[in-house]
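A.B. asks: So that we are looking at the same thing, I have put the structure below in structure tokens.
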Amino acid sequence: MDFMLNITFYAFIFGVIAYVIREVSRSVATRYIALGVMSGALILNTTLVLMRWFEAGHAPMSDKFESFVFFAWSIALVYIIMELVTIFIVRIHSSRLGIIGALQCALSALFLYFAINTDSTIKELPPALQSNWLVTHVINYFISYAALSISFSAAIIYLIYRAIFHGKTQEVVMSKDNSNLGKDMTFDKLAYISVSIGFPFLTIGLITGSIWAKGAWGTYWGWDPKEIWSLINWLIYLTYLHLPLILPKTKISKSFRPVLLSIILLVAFPTVIFTFMGLHKLPTAGTSDHIYAD
Amino acid sequence: MSKEIIIKEEKGKVESRVWQFLCSVKLAVIIILVLAVACILGTVIVQQLTPEEYVARYGEGLTKFFIATQLTDIFHSYWFALLLLFLCVNLGSCTVKRWRNTVLQIGFILTHVSIILIMIGCFIDLQLGEKGGVNVYEGRSVDYYLTRGDYQKVPLDFEIHLDDFIIEKHPPKYRLIAYVKDKDSQTPLTVKVGKTYNIKDSNYSVTVKDFYPDAEYSQKPINISSDPVNPAIYVQMFGSEEITAEGWLFAKGLNWYNDPDHNMRVEYFWVDNDRDFEKLTTIVEKGSPPKLGLELEDRGIKLDIPIEVGTVFEVEGTEYKVEIKEFALDYMNRTKPLQEQEMSNPAVMVDITGPQGVDSRWSFSKYPDYWDQAHQTKYKDIRVTCNVPDDFTLTSNKIRIIQNQDKEKVIAYIEGGELKKIVNWEVGKRSEVGGSGYQLRIAKFFPSYSVENEVIKKSDTVNNPALRIEIAGPRGTVDDWILGQTPAKWYPDNNFALLYEKFGMEIKDFKSKLRVVDNGKTVLSKTIEVNDPLKYDGYVFYQSSYDPEGGLYSGLQVAKNPGIIVVYTGFIILCVGVVFIFYVKPFLRRKSKKKER
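Keeping their order, the protein sequence lines are chains A and F. Sequential numbering of the first sequence, starting at 43, is according to the numbering used here. Sequential numbering of the second sequence, starting at 2, is according to the numbering used here.
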């Protein structure tokens, strides 16, 4: 298990390198090589998840170690689905997802690194977690988190490009390649698309959590810190989704609007990560039913 | 006329401005952001404490501010409720304003209506719902519950019987943890026999060499030297054929054994000079009898009287008369015949008769002052003691196993206080004692007896597991057993330790076998557990806790949520709505765009 974990970790590191090479060379061959490397890492990660499922005898998403491995898996899975869609269905310009692939691989590697440094002993499920809602609730959340992580990466790239090219992003990036490959999508649009992919899952995750809490604890909403922070995450992305409706009516200049939206995403994803793994740092953590240990 | 029109127009303008504001996305975004900030505050400021606790935590000034702004209970505050009301109004007007009967608008309408529905449902629950809890003892019933927060008794129209309460436990689980002190690092190791783990960032490595699921320490006698440091023999005594008793005798420790069945005392001597050897093999000294000591310090009287039950004597120079009533070698088993008592707690009982009547006392040889301290005695000036010599025996027959610096080994048989026979003995050989048919064998002789803690396997089910571990480090290799729940095993350099500890959930599940009795009739039975409640008459009973001490009662959560249907409807509509907006609408849009082209 430890060996597999390390191999998978290095596979994702290798994926980072592959995607960086792809970004630099921009050839069709490197595009497929990078996708291949990441798919390989995903397969390894899938094996990890399945092995753990088999070993533990319950869905491997109940403790820190299991959720780190599962999160790394969801990040890779959602990205690969997205890339496959952009290659074969939507046909976004090939220059787009590439560098994000590197960031997603790095993110998966990061969570596997956390997993390597986490106690991996199999723990018994406490009574509250012995529910079919566990799988539905957690999978929804991790898929949503994975999609939102893409929006985070895209926002970073967008802001970096803006900083480098001072607003001339589109021209500079577009001028580099033969634009007949597909339609062009700037990174801020990509970020918006990722949020719109992730937001329904975020909503369903919140609702399934509420229904589960009703069955387990008798209240569908108890103002538990974990519940509150899930709501905060939801409200932030809700704001992000509503802002494009009102920004044209404000005095904010058209060129600054995507910067503002990207900054919101830059703040939003860390709050998601905080909800996922940082709540024990809250002064109210002691009152929570969700926070079992650090 | 014209004035009226102007006023009406202005009114219309104002109304429309208010209306515009109410249904604006801008207001929605503002409310959402304020809600988010309120939520953050609600998790950063500890909620629902007492004013004193706030003062202790945040100081006088901040506490006043928190209480004035209801930041101490944000989620039940008026302004938070107002905020939610605003949100509802905003959502409502927004939905009305943007309502279009088109397919593409379905998602918008569903999501916005659903949130209003959820909030209406929550409001109904808040107003008409009930929430509380009750503890039911096994075999008993309740017809009420206590409200959450203020513990008011609320009667139920029916009874809930707890027929059985079951706590299911996991088999115990253990984990091995390696600790490096100077790095303050802990590494959990998976237990796999034969596997070697190199502990990260250190020079230590750990190999698991063996595993017993259930083990215990047992003391194994060993001989550590050929010098007679602690001579010991293992003696077996035989009736006719079978062994009737066996055990170790130590020349420098417990060197005797009383065999009440055969009225025999076996003694073991190891002597290092010929004179003592001579003495032991020829002279039979009479053991001194147990004595009763009487002391009257004030009058300078000190008496020693051999203990014989029934002895009555007057203490000279006083008005006291003393009678020895009872004698026991083992006070706890004093009703048994004296021969069958082991000399574990000798005691004597005396009646002291004096001017104030009879004073009965027990006096214990090992605890001479116990009785006087624990009881009221009539004659405080008399101190009674019981003196039983260590070698006191009731048996008149003795077997002396004598050894002289490994040169001579003899058994002396003493019957009725007289030396009858001397035979030589050898390790492993049976010797007959006297003509009684009584045989003994000295099975083992250890000149230097010691014990080794040995780990033995008790059973094959995991209970108290043990690991044989080899630790390699800067000071060489250490090979030892480590048992579950024993203190950490330290490597000789005191910088590395292994701990084998219990971990994880012990409680697998807890279940209550509930029965609802309405009007004297059992109407419903169900075994509830966490995630599987019982529903009756609008109430839902959840398994929430249990008596942590003995598992005698079951903690039930009681809830009545009349608004839940509305809330869940809202949930479903919201799910459908968001999926429509983000997964269906884009495709519909593209289709219609293609058509346009």
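Using N, Cα and C, we set each Cβ at its ideal position, and we do this for glycine too.
Distance cutoff 8 Å, beta carbons only. Does Gly224 of chain A sit that close to anything in chain F?
C.D. replies: Within the first sequence, numbered from 1, the residue matching residue 224 of chain A stands at position 182. Because the pLDDT at Gly224 of chain A is just 44, under 50, the model does not fix this residue reliably, and the value given afterwards should be weighed accordingly. Chain F contact via Cβ: absent.
A.B. asks: Give the residues of chain A in contact with Lys509 of chain F, contact being defined as C-beta atoms less than 8 Å apart.
C.D. replies: Locating residue 509 of chain F in the second sequence gives position 508, where the first residue counts as 1. By Cβ distance, chain A contributes Glu166, Pro169.
A.B. asks: Which chain A residues sit within Cβ distance under 8 Å of Ser545 of chain F?
C.D. replies: What you label residue 545 of chain F is simply residue 544 of the second sequence in a count that begins at 1. Chain A residues near Ser545 of chain F: Trp259, Gly260.
A.B. asks: Between Ala69 of chain F and the rest of its own chain, which residues show a CB-CB distance below 7 Å, the 5 nearest in sequence each way excluded?
C.D. replies: Mapped onto the second sequence, residue 69 of chain F falls at position 68. Taking Ala69 of chain F as the centre and dropping the five residues before and after it, the same chain places no C-beta closer than 7 Å to its C-beta.
A.B. asks: Considering just the uninterrupted stretch of the beta strand (DSSP E) at Ser206 of chain F, what are its terminal residues?
C.D. replies: As a first step, residue 206 of chain F must be located in the second sequence, where it is residue number 205. 206-213 is the extent of the beta strand (DSSP E) around Ser206 of chain F.
A.B. asks: Under 8 Å, Cβ to Cβ, is there at least one residue of chain F near Ile253 of chain A?
C.D. replies: Sequence index remark: in the first sequence, residue 253 of chain A carries index 211 (1-based). Closer than 8 Å to the CB of Ile253 of chain A there is at least one CB belonging to chain F.
A.B. asks: Are the C-beta atoms of Arg99 of chain F and some chain A residue less than 8 Å apart?
C.D. replies: As a working note, residue 99 of chain F is residue 98 in the second sequence. No - not a single Cβ of chain A is within 8 Å of the one on Arg99 of chain F.
A.B. asks: Looking only at its chain, what residues have a beta carbon closer than 8 Å to the beta carbon of Ser449 of chain F, apart from the 5 residues adjacent to it on each side?
C.D. replies: Working through the second sequence from its first residue, we reach residue 449 of chain F at position 448. Same-chain partners within the cutoff: Asn224, Ile225, Ser226, Ser227, Asp228, Pro229, Val230, Asn231, Pro232.
A.B. asks: I'd like to check one pair, Phe583 of chain F with Ser238 of chain A: are the Cβ atoms closer than 8 Å?
C.D. replies: Counted from its first residue, the first sequence places residue 238 of chain A at position 196. Counted from its first residue, the second sequence places residue 583 of chain F at position 582. Yes, the Cβ-Cβ distance between Ser238 of chain A and Phe583 of chain F is below 8 Å.
A.B. asks: Please compile the residues from chain A whose C-beta is within a distance smaller than 9 Å of the C-beta of Glu530 of chain F.
C.D. replies: As a first step, residue 530 of chain F is located in the second sequence; it is residue number 529 there, counting from the start. The contacting residues are Pro169, Gln172.
A.B. asks: What separation, rounded to the nearest whole angstrom, lies between the Cα atoms of Ile33 of chain F and Leu277 of chain A?
C.D. replies: In the second sequence, the residue the question calls residue 33 of chain F occupies position 32. In the first sequence, the residue the question calls residue 277 of chain A occupies position 235. Each residue's Cα considered, the two are about 6 Å apart.
A.B. asks: Specify the secondary structure class of Leu163 of chain F as computed by DSSP and reduced to three states.
C.D. replies: Counting from one through the second sequence, the residue named residue 163 of chain F turns up at place 162. Residue state, collapsed to three classes: strand.
A.B. asks: In chain order, what residues of the region 274-285 of chain A put their CB closer than 7 Å to some CB of chain F?
C.D. replies: Ile274, Leu277, Ile278, Leu280, Thr281, His284, Leu285
A.B. asks: So which residues of chain F does Pro242 of chain A contact, with C-beta pairs closer than 7 Å?
C.D. replies: Within the first sequence, residue 242 of chain A is the residue found at index 200, counting from 1. Near Pro242 of chain A (Cβ distances below 7 Å), the residues of chain F are Val579, Val580, Phe583, Tyr584.
A.B. asks: At which residue ranges does the region 295-325 of chain F contain complete beta strand (DSSP E) runs of 3 or more residues, listed in the order of the chain?
C.D. replies: 302-307, 313-315
A.B. asks: With Ile529 of chain F as the anchor, note down where its alpha helix (DSSP H) starts and where it stops.
C.D. replies: Translated into positions along the second sequence, residue 529 of chain F becomes position 528. Unbroken run through Ile529 of chain F is the beta strand (DSSP E), 522-530; no alpha helix (DSSP H).
A.B. asks: Please decide whether Thr339 of chain A counts as near chain F, where near means a Cβ-Cβ distance under 8 Å.
C.D. replies: Summary: the structure shown does not reach residue 339 of chain A, with chain A confined to residues 43 through 336, and so no result is reported for it.
A.B. asks: Using only alpha-carbon positions, find the residue among F:Glu160, F:Val531, F:Leu147, F:Asp126 that is nearest to Arg141 of chain F.
C.D. replies: Position 140 of the second sequence, counting from 1, holds the residue named residue 141 of chain F. Of the listed residues, the one whose Cα sits closest to Arg141 of chain F is F:Glu160.
A.B. asks: Could you tell me which residues DSSP pairs with Ala144 of chain A in its beta bridges?
C.D. replies: By 1-based counting over the first sequence, the position of residue 144 of chain A is 102. Answer by DSSP bridge pairing: none, since Ala144 of chain A is not bridged.
A.B. asks: Could you check what DSSP says for Pro189 of chain F in three-state terms: helix, strand or coil?
C.D. replies: Sequence index remark: in the second sequence, residue 189 of chain F carries index 188 (1-based). Looking at Pro189 of chain F - three-state DSSP - the assignment turns out to be strand.
A.B. asks: Just the C-alpha distance for Val301 of chain A and Ser236 of chain A, rounded to the nearest angstrom, thanks.
C.D. replies: Here residue 301 of chain A corresponds to residue number 259 of the first sequence, with the count starting at 1. Here residue 236 of chain A corresponds to residue number 194 of the first sequence, with the count starting at 1. Each residue's alpha carbon lies about 16 Å from the other.
A.B. asks: Using only CA atoms, which one of A:Leu324, A:Tyr279, A:Gly143 lies nearest to Ile63 of chain A?
C.D. replies: Sequence index remark: in the first sequence, residue 63 of chain A carries index 21 (1-based). Among A:Leu324, A:Tyr279, A:Gly143, the Cα nearest to that of Ile63 of chain A belongs to A:Gly143.
A.B. asks: Using DSSP's beta-bridge definition, name the partner residues of Leu500 of chain F.
C.D. replies: Taking the second sequence and counting its residues from 1, one reaches residue 500 of chain F at position 499. BP columns for Leu500 of chain F point to F:Ile178.
A.B. asks: Mind listing the chain A neighbours of Cys95 of chain F? Cutoff is C-beta to C-beta under 8 Å, in chain order.
C.D. replies: In the second sequence, residue 95 of chain F corresponds to position 94, counting from 1. In chain order: nothing, as chain A lies at least about 10 Å away.
A.B. asks: Among F:Gly62, F:Thr96, F:Pro52, which has the Cα closest to the Cα of Trp20 of chain F?
C.D. replies: By one-based count along the second sequence, residue 20 of chain F stands at place 19. Looking at the Cα atoms, F:Thr96 is the closest of the given residues.
A.B. asks: Whose Cβ in chain F lies nearer than 7 Å to the Cβ of Asp161 of chain A?
C.D. replies: The sequence position of residue 161 of chain A within the first sequence is 119, counting from 1. Those are Pro189, listed as they occur along chain F.
A.B. asks: When the cut-off is 8 Å and only beta carbons count, does Arg176 of chain F lie next to chain A?
C.D. replies: Translated into the one-based positions of the second sequence, residue 176 of chain F becomes position 175. Chain A, which has a Cβ nearer than 8 Å to the Cβ of Arg176 of chain F, makes this yes.
A.B. asks: Let me know if Gly328 of chain A comes out buried or exposed under the rule of 16 or more other beta-carbons within 10 Å of its beta-carbon.
C.D. replies: As a position in the first sequence, residue 328 of chain A is number 286, starting the count at 1. With fewer than 16 other Cβ atoms within 10 Å, it is exposed.
A.B. asks: Could you check how far apart the C-beta atoms of Thr160 of chain A and Phe96 of chain A are, in whole angstroms? I think they sit under 8 Å.
C.D. replies: Position 118 of the first sequence, counted from the start, is the residue given in the question as residue 160 of chain A. Position 54 of the first sequence, counted from the start, is the residue given in the question as residue 96 of chain A. At roughly 19 Å, the Cβ-Cβ gap does not stay under 8 Å, so Thr160 of chain A and Phe96 of chain A are not in contact.
A.B. asks: If I follow the unbroken beta strand (DSSP E) through Gly539 of chain F, where does it start and stop?
C.D. replies: The residue given as residue 539 of chain F occupies position 538 in the second sequence. It is not in any beta strand (DSSP E) - Gly539 of chain F carries neither H nor E in the DSSP assignment.
A.B. asks: Grouping DSSP H, G and I as helix and E and B as strand, with all else coil, what is Arg576 of chain F?
C.D. replies: For the purposes of this step, residue 576 of chain F is identified with residue 575 of the second sequence, where counting begins at 1. Reading off the sequence shown, one finds Cys at residue 576 of chain F, where the question assumed Arg. Reduced to three states, the DSSP call for Cys576 of chain F is helix.
A.B. asks: Return the first residue and the last residue of the beta strand (DSSP E) that Ala233 of chain F is part of.
C.D. replies: Your numbering for residue 233 of chain F matches position 232 in the second sequence. That run of the beta strand (DSSP E) goes 233-239.
A.B. asks: I want to know whether the region 70-78 of chain F touches the region 93-112 of chain F - three or more CB-CB distances under 8 Å.
C.D. replies: Contact between the region 70-78 of chain F and the region 93-112 of chain F is absent, because fewer than three Cβ pairs lie under 8 Å.
A.B. asks: Which class does Asp273 of chain F belong to by DSSP, given the choice of helix, strand or coil?
C.D. replies: Position 272 of the second sequence holds residue 273 of chain F. Correct three-state label for Asp273 of chain F: coil.
A.B. asks: With Asp44 of chain A as the anchor, note down where its alpha helix (DSSP H) starts and where it stops.
C.D. replies: For the purposes of this step, residue 44 of chain A is taken as residue 2 along the first sequence, with counting starting at 1. Start and end: 44-67.
A.B. asks: Asn562 of chain F and Asp126 of chain F look like a contact to me (Cβ under 8 Å); what is the Cβ gap, rounded to whole Å?
C.D. replies: Here residue 562 of chain F refers to the residue found at position 561 when the second sequence is read from its first residue. Here residue 126 of chain F refers to the residue found at position 125 when the second sequence is read from its first residue. Confirmed, Cβ separation roughly 5 Å.
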